[in-house]
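For this note's numbering, add 57 to where a residue sits in the sequence shown, where the first one is 1. Below: one structure, written as structure tokens.
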Amino acid sequence: MVTKPKEDLQKAHRRRKNRESLLETLESIIVAFVLAFIFRAFVVEAFVIPTGSMGPTLYGRHAELECTDCGFQFSIGADESGRRGGPALSTPPVCPNCLRPQRVPPRVPLYSGDRILVLKFLYDFQEPRRWDVIVFRNPNDPAQNYIKRLVGLPGETVELVGGNVTINGVIARKTDAAQESLWMLVHDTRRRATRRGWKPRWQTLDGWEQHELGYVLAKAPPRDRTAWLAYAHRDLHDRPSNIVDYYAYNGGNRREETWLGDYVCTDVGLKTEVTAGGAESVCIIEMRAYKDRFRFELTAEGGKEPTQILLNDKVVAKAARPVLPVGRPVEVRVANVDHKLMLLVDGDRVANVTSADMTPEGDAAYEPKKLSGAERRRFHETHTDDPRAMAAEVRLGARGGPLSLEYLRLDRDVYYINERLRNGEPGHATEGNPFKVNGDEFFVCGDNSPKSFDSRLWLEKVDRPVVPRRNLVGKAFFVYWPAAGSRWHIPLPLLPDPTGWRLVH
Ligand SMILES: [Zn+2]
Numbered sequence: 058m059v060t061k062p063k064e065d066l067q068k069a070h071r072r073r074k075n076r077e078s079l080l081e082t083l084e085s086i087i088v089a090f091v092l093a094f095i096f097r098a099f100v101v102e103a104f105v106i107p108t109g110s111m112g113p114t115l116y117g118r119h120a121e122l123e124c125t126d127c128g129f130q131f132s133i134g135a136d137e138s139g140r141r142g143g144p145a146l147s148t149p150p151v152c153p154n155c156l157r158p159q160r161v162p163p164r165v166p167l168y169s170g171d172r173i174l175v176l177k178f179l180y181d182f183q184e185p186r187r188w189d190v191i192v193f194r195n196p197n198d199p200a201q202n203y204i205k206r207l208v209g210l211p212g213e214t215v216e217l218v219g220g221n222v223t224i225n226g227v228i229a230r231k232t233d234a235a236q237e238s239l240w241m242l243v244h245d246t247r248r249r250a251t252r253r254g255w256k257p258r259w260q261t262l263d264g265w266e267q268h269e270l271g272y273v274l275a276k277a278p279p280r281d282r283t284a285w286l287a288y289a290h291r292d293l294h295d296r297p298s299n300i301v302d303y304y305a306y307n308g309g310n311r312r313e314e315t316w317l318g319d320y321v322c323t324d325v326g327l328k329t330e331v332t333a334g335g336a337e338s339v340c341i342i343e344m345r346a347y348k349d350r351f352r353f354e355l356t357a358e359g360g361k362e363p364t365q366i367l368l369n370d371k372v373v374a375k376a377a378r379p380v381l382p383v384g385r386p387v388e389v390r391v392a393n394v395d396h397k398l399m400l401l402v403d404g405d406r407v408a409n410v411t412s413a414d415m416t417p418e419g420d421a422a423y424e425p426k427k428l429s430g431a432e433r434r435r436f437h438e439t440h441t442d443d444p445r446a447m448a449a450e451v452r453l454g455a456r457g458g459p460l461s462l463e464y465l466r467l468d469r470d471v472y473y474i475n476e477r478l479r480n481g482e483p484g485h486a487t488e489g490n491p492f493k494v495n496g497d498e499f500f501v502c503g504d505n506s507p508k509s510f511d512s513r514l515w516l517e518k519v520d521r522p523v524v525p526r527r528n529l530v531g532k533a534f535f536v537y538w539p540a541a542g543s544r545w546h547i548p549l550p551l552l553p554d555p556t557g558w559r560l561v562h
């Protein structure tokens with residue numbers, strides 16, 4: 058009997074192993090290919106966003122700018138012809154954060170649009186939901202795929218009122234995920250302008266002091282007084298101004314240099330990191346929209362007062378316990394949006410709604426006070442220093458003890474514009490012209506309302522300005538190849554920028 062040396066046995070064993078693993082690898086590659094084909098055909102498909110109608114949620118062809126003063130980075134859409142040599146913008150855009158007019162360099166690089174994955178068969182199993190971002194064959198030209206946000210479902214009557222969507226006469230409130238996508242920057246303290254004459258947006262009154270990333274109140278004022286930090290919005294001439302529907306993505310405007318937007322926005326959200334200095338510290342955030350006043354009182358652990366939300370001086374929500382730990386920062390998000398009041402601490406709702414209606418998410422819902430046309434006009438025509446003359450007000454206060462605020466960011470909600478049709482008639486679903494969506498039809502709007510050709514405006518080649526069910530392609534769900542990935546100028550294979558991978562909401 059011949060026995061092989063031990064080493065040979067091991068070699069043979071290794072060879073067999075290698076062969077097996079090679080076969081396994083080949084098998085997995087084949088399976089991956091087959092799966093990929095099945096996926097492409099039936100489950101997901103990739104699309105590139107060509108235009109800016111969904112900006113800033115999804116970018117089309119665009120250029121990237123960095124403000125020459127505050128350093129804020131933002132994108133501007135390139136015109137659809139997409140020629141190199143610069144986006145076609147008739148006047149330069151201004152920085153959305155500090156309003157410094159920017160020059161677009163003549164040979165600014167253009168980046169292609171975001172690439173997204175679309176779930177194609179989801180809607181065979183579940184009904185499309187309001188606020189889904191959907192891909193569909195354009196009813197005006199079925200060879201083309203369009204992407205918009207779904208706002209009206211079969212059988213509903215849609216009307217756009219004051220920038221909001223109403224369904225059958227009742228306001229439609231956005232989901233948390235959609236809202237996060239639809240907040241648009243008004244001001245962020247992380248980027249500060251340094252030019253002479255620029256007025257800080259947050260006005261420090263009563264002992265607040267500016268520090269690198271925010272504001273500090275080292276010493277609370279005596280007795281029951283509140284020390285205030287008030288937001289003052291400004292226009293391009295540094296005059297006090299209302300917050301308007303400015304889209305830096307769309308660049309400047311043709312008509313006049315001071316233009317930033319046409320519509321006054323009163324739905325605003327504030328995000329900041331709050332650190333309570335002591336058990337008696339109370340952080341107060343006050344907002345006003347026209348004649349309605351909202352007050353968020355956040356108290357510190359160990360203090361005696363409750364954390365609560367007040368609507369026109371009445372408590373509408375209360376927390377079970379104080380929400381600010383002493384000496385440790387927490388992220389606070391408050392908002393008045395879609396006729397509801399939100400208060401989130403580190404991402405969670407902390408106050409239980411008491412007397413008011415509650416949204417499914419647990420926010421305090423309300424009906425705004427009625428305004429006459431004259432009252433509304435008065436709120437809209439102001440350049441005074443009196444904050445009460447403005448349509449919206451935001452201020453932050455502290456009492457009882459020290460408080461520090463970092464990363465203050467103010468956003469506005471999307472404002473759906475009542476556009477006119479090319480023949481001069483009011484667009485579909487505009488205020489005073491509610492639109493009835495029939496069975497198996499969907500009403501869609503783009504997030505970039507001033508630059509979106511959507512259900513509001515479709516007229517010429519279609520009988521009805523809607524997406525018929527048979528035109529649905531699927532739900533956009535993932536940006537797998539963010540537009541900024543082409544920043545590196547590598548022709549092929551292009552590398553995606555993983556920092557931009559994100560779900561579409
Ligand atoms: Zn700037």
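Each residue gets a CB set at the ideal place from its N, CA and C atoms; glycine is no exception.
Endpoints, alpha helix (DSSP H) assigned at residue i
i	result
S238	233-239
E432	430-437
In DSSP terms, what residue i is bridged to
i	result
N393	V325, L398
F131	L122
M415	A421
V301	V321
D443	In DSSP, D443 forms no bridge with anything.
R291	P297
Host beta strand (DSSP E) of residue i (start-end)
i	result
L467	460-469
V339	339-346
L270	Looking at the DSSP string, L270 is not in any beta strand (DSSP E), and its letter there is neither H nor E.
V101	101-105
W259	259-261
P285	For the record, residue 285 in the displayed sequence is Trp; it is not Pro. First-last of the beta strand (DSSP E) with W285: 284-288.
E450	449-456
N409	408-410
F351	349-356
V501	498-502
Nearest-angstrom Cα separation, counted from residue j out to residue i
i	j	result
R71	E77	10 Å
D181	G531	9 Å
K74	R466	58 Å
R385	N528	52 Å
H562	Q201	22 Å
R479	Y423	36 Å
T329	G484	38 Å
G226	V215	8 Å
M447	V190	34 Å
L462	G271	5 Å
G13	A289	Because the chain here runs from 58 to 562, residue 13 falls outside it and cannot be looked at.
R141	L381	Since pLDDT at R141 reaches only 43, below the 50 mark, its modelled position is unreliable, and no value is offered.
D233	V325	14 Å
V151	A305	7 Å
W188	V407	25 Å
D302	V394	15 Å
E266	P459	12 Å
D245	D126	14 Å
A135	G308	9 Å
H396	G557	32 Å
R445	P297	12 Å
D370	R352	8 Å
G139	V161	At G139 the pLDDT is 45, less than 50, meaning the model places this residue with poor confidence and gives no usable figure here.
P496	I228	The question names Pro, but residue 496 is Gly in the sequence shown. Rounded to the nearest angstrom, the two C-alpha atoms are 21 Å apart.
T332	R456	13 Å
P522	H437	32 Å
V175	V105	11 Å
T411	R157	44 Å
D292	V243	12 Å
V373	D442	31 Å
V524	I133	28 Å
A376	K276	26 Å
Y537	A93	15 Å
I204	S238	15 Å
Problem - the stretch 252-267 touching the stretch 393-409, judged by at least three CB pairs closer than 8 Å - result: no
**Asked** Which residue spans inside the stretch 135-220 form an unbroken beta strand (DSSP E) run of at least 3?
**Response** For the stretch 135-220, whole beta strand (DSSP E) runs of length 3 or above, ordered along the chain, are 172-176, 190-194, 202-209, 214-218.
- Query: Is the stretch 506-517 touching the stretch 116-123, taking contact as three or more C-beta pairs under 8 Å?
  - Reply: They do not touch, by the three-pair rule.
**Message:** Quick test of the definition: if touching needs 3 or more C-beta pairs under 8 Å, does the stretch 356-369 touch the stretch 336-343?
**Reply:** yes
At 3 residues or longer, and completely inside the stretch 364-392: list those beta strand (DSSP E) runs for me, N to C.
-> 365-368, 371-376
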